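See structure below.
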Amino acid sequence: MLDAPPDAPAAAAEDDASFRKRMAGPSSHKAGLAPDDDARIADTIHRVSRGSKFYENQRARHEAVTRRIARVRARRDEALASLSAHARTQLTARADRLAAQLEGERDLSRTLLHCDMDMFYAAVELQRDPRLRGTRFAVGQGVLLTASYEARTLGVRSGMAEFVARALCPDLHVVPADMERYRAVSEAVMRVLRRYDPDLVPRSLDEAYLDVTPVLEREEITAEELVAQLRADVERATGLTVSVGIAPNTLLAKIASDRNKPNGQCRVPPDRDAILTFLHALPVRKVPGIGHVTERILDALDVQTCGALWERRGELSVCMDHFSFLLAAALGIGASRLHRPERTERKSVGRENTFAPTAQREALDAQLRQTCTQLAADLARLDFRARTLALVGKHDTFARFTRQLSLAPRSVATFDELYALGRSLLAQEHEAAAAQHRPLTLRLLGIRASALVDVGRAGA
Numbered sequence: 001m002l003d004a005p006p007d008a009p010a011a012a013a014e015d016d017a018s019f020r021k022r023m024a025g026p027s028s029h030k031a032g033l034a035p036d037d038d039a040r041i042a043d044t045i046h047r048v049s050r051g052s053k054f055y056e057n058q059r060a061r062h063e064a065v066t067r068r069i070a071r072v073r074a075r076r077d078e079a080l081a082s083l084s085a086h087a088r089t090q091l092t093a094r095a096d097r098l099a100a101q102l103e104g105e106r107d108l109s110r111t112l113l114h115c116d117m118d119m120f121y122a123a124v125e126l127q128r129d130p131r132l133r134g135t136r137f138a139v140g141q142g143v144l145l146t147a148s149y150e151a152r153t154l155g156v157r158s159g160m161a162e163f164v165a166r167a168l169c170p171d172l173h174v175v176p177a178d179m180e181r182y183r184a185v186s187e188a189v190m191r192v193l194r195r196y197d198p199d200l201v202p203r204s205l206d207e208a209y210l211d212v213t214p215v216l217e218r219e220e221i222t223a224e225e226l227v228a229q230l231r232a233d234v235e236r237a238t239g240l241t242v243s244v245g246i247a248p249n250t251l252l253a254k255i256a257s258d259r260n261k262p263n264g265q266c267r268v269p270p271d272r273d274a275i276l277t278f279l280h281a282l283p284v285r286k287v288p289g290i291g292h293v294t295e296r297i298l299d300a301l302d303v304q305t306c307g308a309l310w311e312r313r314g315e316l317s318v319c320m321d322h323f324s325f326l327l328a329a330a331l332g333i334g335a336s337r338l339h340r341p342e343r344t345e346r347k348s349v350g351r352e353n354t355f356a357p358t359a360q361r362e363a364l365d366a367q368l369r370q371t372c373t374q375l376a377a378d379l380a381r382l383d384f385r386a387r388t389l390a391l392v393g394k395h396d397t398f399a400r401f402t403r404q405l406s407l408a409p410r411s412v413a414t415f416d417e418l419y420a421l422g423r424s425l426l427a428q429e430h431e432a433a434a435a436q437h438r439p440l441t442l443r444l445l446g447i448r449a450s451a452l453v454d455v456g457r458a459g460a
């Protein structure tokens with residue numbers, strides 16, 4: 001049955017609520033928030049952001065998704081309008097055949113872990129300055145990397161603009177990020193995790209996937225006991241806590257790691273029925289790979305949970321892109337073998353830094369120098385040179401840009417080489433802004449090296 005078209009006032013109210021939810025981001029439904037806090041947070045963010053460049057950028061992106069939703073609905077309605085009841089059941093049958101194919105890929109034989117450090121950046125800063133304990137503080141500059149749990153209870157979150165966070169939490173203390181320190185602590189954590197899987201796959205500084213199947217086959221220990229031991233080892237070695245998801249594939253392990261945060265663990269048993277029960281009431285936004293845009297499109301189609309995703313599979317098959325991925329997510333089918341990329345598979349190495357918006361050339365040049373210094377160190381450590389260099393940035397309007405330069409057959413890696421080329425690309429961006437009679441005002445600047453040359457295997 002097709003959804004009845006909403007009347008204009010109802011549609012406007014629905015759109016406004018959706019936009020406020022977008023502005024609030026992942027603040028909603030966080031642990032520690034009272035039932036009425038979601039609305040308060042959304043209202044505050046909407047009020048303090050209104051009229052800002054951040055607000056206008058978010059509004060433009062929201063309206064683009066609104067147009068996309070209209071196209072998806074039209075595609076669905078057009079596909080279903082001419083179908084008889086029997087033909088519609090055939091859509092479900094076709095989706096079931098795809099599900100059967102996906103079931104053939106289900107592997108319950110492995111035990112994978114997703115290890116996710118608890119408020120990692122904030123926890124490192126707490127070690128540096130214990131006076132922060134129990135206070136509302138965040139880490140970052142301009143845009144927040146993370147926030148303490150005390151600040152999160154007021155809606156402050158990672159990825160939030162600092163001015164918005166201060167409106168939600170007037171006494172918020174913001175600590176500048178120290179990425180070099182975080183990398184050092186991250187490596188200490190990874191050294192502990194490698195005792196359990198020497199070939200672990202890091203996903204960021206504060207998370208990694210492990211396959212502990214071989215350990216469990218060798219030792220007389222359960223997965224739960226092993227993970228409790230792993231968590232204790234991490235805390236003993238670093239003073240930091242980690243939450244862990246245990247499951248037969250990466251999709252479920254990542255979802256599970258968030259279930260008992262902080263400093264907890266959750267296991268999804270290697271049993272199909274248990275997996276489907278675990279997923280049935282799970283909001284689709286909790287599924288890795290489903291972001292705000294897909295969540296909003298599914299919500300417009302009255303699909304908020306993985307259970308609803310399965311129930312509406314026939315209808316969704318005619319209108320949703322990447323339907324196979326969505327169906328696999330509803331069934332809890334994911335990668336059961338960790339993909340450990342070879343050096344030859346690495347596409348790029350990059351660094352970028354966020355800062356308070358500035359149009360001062362000296363400040364932007366200093367940011368460029370810092371980024372090139374960091375990237376040169378990374379390339380030296382990894383033993384790579386690059387034949388393509390890109391300058392990436394974000395304007396004060398939150399719009400991103402990229403300027404790329406191909407150098408082949410030449411390659412670069414040192415600070416002097418990176419800085420000279422980066423300065424040239426930044427000068428082009430200054431010229432483009434001047435042509436539009438405006439200063440170049442940035443809030444993020446980065447350098448990305450690609451078309452990598454493995455110095456260890458071939459001369460550059």
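The opening residue of the sequence shown carries number 1 in UniProt numbering; numbering runs sequentially from there.
Note that the Cβ used here is the ideal one computed from N, Cα and C, for glycine as well.
All figures in this text were calculated on a predicted structure; none of them were measured in a lab.
In this structure, the CA atom of Cys169 is about 13 Å from the CA atom of Leu144. For Gly134, there is no enclosing alpha helix (DSSP H), as DSSP gives it neither H nor E. Arg443 is positioned such that its CB atom lies no closer than 7 Å to that of Gly140. Within its own chain, the residues whose Cβ lies closer than 7 Å to the Cβ of Phe355, once the five positions on either side in sequence are excluded, are Gln141, Gly142, Gln367, Arg443, listed in chain order. Assignment of Lys394 by DSSP, reduced to helix, strand and coil, places it in the strand class.
For Val192, the enclosing alpha helix (DSSP H) has its first and last residue at 179-193. Bounds of the beta strand (DSSP E) holding His173 are 173-175. Boundaries for Gly446: no alpha helix (DSSP H) harbours it, while the beta strand (DSSP E) harbouring it runs 442-454, taken from the DSSP string. The shortest CA-to-CA distance from Phe323 to any of Ala228, Glu431, Leu102 is the one to Leu102. Just so you know, the alpha carbons of Gly289 and Tyr196 end up roughly 27 Å apart. For the pair Lys286 and Ile255, the Cα-to-Cα distance works out to about 7 Å. Residue range 207-211 is occupied by the beta strand (DSSP E) that includes Tyr209. Counted as a single uninterrupted DSSP element, the beta strand (DSSP E) harbouring Ile246 occupies residues 242-247.
Counting every other CB atom within 10 Å of its CB across the protein chains shown gives Ala308 a total of 16 or more, marking it as buried. Contiguous beta strand (DSSP E) elements confined to the segment 306-373 occur at 348-358, taking only those with 3 or more residues.
Around the Cβ of Phe163, a 10 Å sphere holds fewer than 16 other Cβ atoms; the residue is exposed. Between the C-alpha atoms of Leu282 and Leu216 there is a straight-line separation of about 29 Å.
Secondary structure at His437: coil, using DSSP grouped into helix, strand and coil.
Leaving aside the five residues that flank Ala335 on each side, the residues in its chain whose CB is nearer than 8 Å to its CB run, in chain order, Asn249, Thr250, Leu251. By the Cβ-count criterion, Pro130 is exposed, with fewer than 16 other Cβ atoms from all chains shown falling within 10 Å of its own Cβ. Residue state for Ser257 is assigned as helix, using DSSP reduced to three classes. By the CB criterion at 7 Å, Val244 and Leu113 fall inside the cutoff. For Ala122, same chain residues with a beta-carbon under 6 Å away, outside a window of 5 residues either side, are Val139, Thr146, Ser148 in chain order. The beta carbon of Thr402 sits closer than 6 Å to the beta carbons of Ala390, Val392 from its chain, once the five residues preceding and following it are set aside; these are given in chain order.
Remark: C-beta atoms of Leu452 and Ala380 do not approach each other more closely than 7 Å. Counting only the Cα atoms, Met160 lies some 38 Å from Ala99.
Assignment of Pro198 by DSSP, reduced to helix, strand and coil, places it in the coil class. For Arg94, the closest alpha carbon among the candidates Ala208, Trp310, Pro262 is that of Trp310. Per DSSP, the unbroken beta strand (DSSP E) holding Gln404 starts and ends at 400-406. Closest in alpha carbon position to Arg369, among Ala274, Asp396, Leu418, is Leu418. Leu83 counts as exposed, since fewer than 16 other beta carbons sit within 10 angstroms of its beta carbon.
Following the DSSP letters along the chain, one finds Gln304 in no beta strand (DSSP E), marked with neither H nor E. Counting the other Cβ atoms within 10 Å of the Cβ of Glu315 gives 16 or more, which makes it buried.
Cα atoms of Ala408 and Phe384: separation of roughly 14 Å, rounded to the nearest angstrom. Taking the Cα of Cys266 as reference, the smallest distance to any Cα among Asp273, Ala274, Arg272, Ser257 is reached at Ser257.
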